[in-house]
Amino acid sequence: MRLLLVEDDDRVAAALSAVLGKHGFDVRHARSGEEAIQALLPDGGPGFDCVLLDLGLPDQDGFEVCSRIRRRTATPVIMVTARSDVRSRIHGLNLGADDYVVKPYDTGELLARIHAVGRRPPLRPGPAPNAGPATPPSGSPVVSVPAPAAEDGPITLGRVAIEPSTRQVTVGGDPVALTRKEFDLLALLAQRPGVVFRREQIISEVWRTAWEGTGRTLEVHVASLRSKLRTPAMIETVRGVGYRLVVPAG
């Protein structure tokens with residue numbers, strides 16, 4: 001895999017590049033947001049399989065860089081930063097980041113996350129709207145079901161319509177921009193409305209990993225989905241178990 005590492009600290013970049021190189025990655029280092037954008041342009045050289053993006057860049061904020069990247073390319077973006085607050089994580093995911101890793105991190109987990117986003121199908125570039133959190137409770141049968149197949153037909157859940165073949169979602173007829181994992185999470189839950197999906201199963205199906213630390217990322221994605229679908233109660237939290245999708249009445 002070819003990686004674009006966007007990091008202004010040369011010592012951090014050198015250390016991380018060395019580790020990634022030992023694991024078979026071809027790493028290019030960009031020291032600023034503008035250098036990263038130029039590297040991702042069609043004439044900027046060979047394409048990249050993933051971007052590791054630091055937020056504290058010298059020329060512009062990493063959030064703006066992520067937004068610019070997403071408008072130009074569907075290349076997966078993993079934000080790697082010391083900003084650990086939930087608001088920053090949600091903002092980064094809403095801008096189109098595929099994952100968010102907080103420093104200091106375990107190298108093994110970072111490698112797993114890189115491989116995970118590399119396995120996801122490509123998504124059309126484009127902006128995404130804002131989001132916010134919510135947390136309702138309740139329960140239902142808990143089962144294991146397969147992940148949604150690409151050939152599945154349209155799914156209509158109240159005002160929400162999901163088209164798996166084109167990976168498009170509308171609410172009341174209005175298009176909603178979702179990140180890769182937000183769509184995969186919604187599509188998974190929508191396969192069996194009312195059925196509780198265990199957290200471990202969701203993480204395995206959507207993130208293709210068993211890393212325990214992914215649980216925090218799952219919570220952020222759920223909060224983002226609730227806001228984007230404009231129906232927070234549609235995704236219920238079943239305490240100690242997982243999540244289920246509830247079709248609103250009316």
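Under full-length UniProt numbering, the very last position in the sequence shown is 250; numbers go up by exactly one each time. Think of the CB as a built atom: it goes at the ideal place given N, C-alpha and C, for glycine as much as any other residue.
>> Rounded to the nearest angstrom, what separates Glu34 and Leu52 at their Cα positions?
In response: Glu34 and Leu52: Cα-Cα distance of roughly 15 Å.
>> What does the Cβ neighbour count give for His91, buried or exposed, with the cut at 16 atoms within 10 Å?
In response: Under this definition His91 is a buried residue.
>> Is it buried or exposed, Val65, if we count other Cβ atoms within 10 angstroms and call 16 or more buried?
In response: Per the 10 Å Cβ criterion, buried.
>> What residue range does the alpha helix (DSSP H) around Gly194 cover?
In response: Unbroken run through Gly194: none, as it is neither H nor E.
>> My output table needs one value for Asp98: the three-state DSSP class, helix, strand or coil.
In response: The answer is coil: DSSP assigns Asp98 none of H, G, I, E or B.
> Using the beta-carbon count (16 or more within 10 Å), is Asp98 buried or exposed?
Replying inline: Buried: at least 16 other Cβ atoms inside 10 Å.
>> Less than 6 Å between C-beta atoms, sequence neighbours within five positions excluded: which residues of the same chain meet that for Ala131?
In response: Below a pLDDT of 50, predicted positions are generally treated as unreliable, and Ala131, at 34, falls in that range; the measurement from the model is reported next regardless. The residues are Ile90, Asn94, Ser224, Ser227, Lys228.
>> My output table needs one value for Pro133: the three-state DSSP class, helix, strand or coil.
In response: Unreliable placement is indicated for Pro133, whose pLDDT of 32 sits below 50; no coordinate value is reported for it.
> By Cβ distance, which residues of its chain are closer than 6 Å to Asp184, with the 5 residues on each side in sequence left out?
Replying inline: Cβ-Cβ distances below 6 Å link Asp184 to Val206 in the same chain, with the five nearest sequence neighbours on each side left out; the list follows chain order.
> How many angstroms separate the CA atom of Leu55 from the CA atom of Ile202?
Replying inline: Inter-residue distance for Leu55 and Ile202 is about 28 Å (C-alpha atoms, whole angstroms).
>> Suppose the cutoff is 7 Å on Cβ atoms and the five residues either side in sequence are ignored; what does the same chain contact list for Gly21 look like?
In response: Sequence-distant Cβ neighbours of Gly21 in its own chain, meaning closer than 7 Å and more than five residues away, are Val27.
> Quick one: is Ala15 buried, meaning 16 or more other Cβ sit within 10 Å of its Cβ, or exposed?
Replying inline: By the beta-carbon neighbour count (other beta carbons within 10 angstroms, threshold 16), Ala15 is exposed.
> From Arg113, Thr75, Glu163, Ile162, pick the residue whose C-alpha is nearest to that of Thr217; which is it?
Replying inline: With respect to the C-alpha of Thr217, the residue from Arg113, Thr75, Glu163, Ile162 having the closest C-alpha is Arg113.
>> According to DSSP, is Asp184 part of a helix, a strand, or is it coil?
In response: Here Asp184 sits in helix by DSSP.
>> Taking the alpha carbon of Thr107 as the reference point, which residue from Arg180, Arg72, Val80 has its own alpha carbon closest?
In response: The shortest Cα separation from Thr107 among Arg180, Arg72, Val80 belongs to Val80.
> Between Val101, Val117, Leu157, Thr170, which lies nearest to Ser84 when the distance is taken from Cα to Cα?
Replying inline: Proximity to Ser84 across Val101, Val117, Leu157, Thr170 peaks at Val101, based on C-alpha coordinates.
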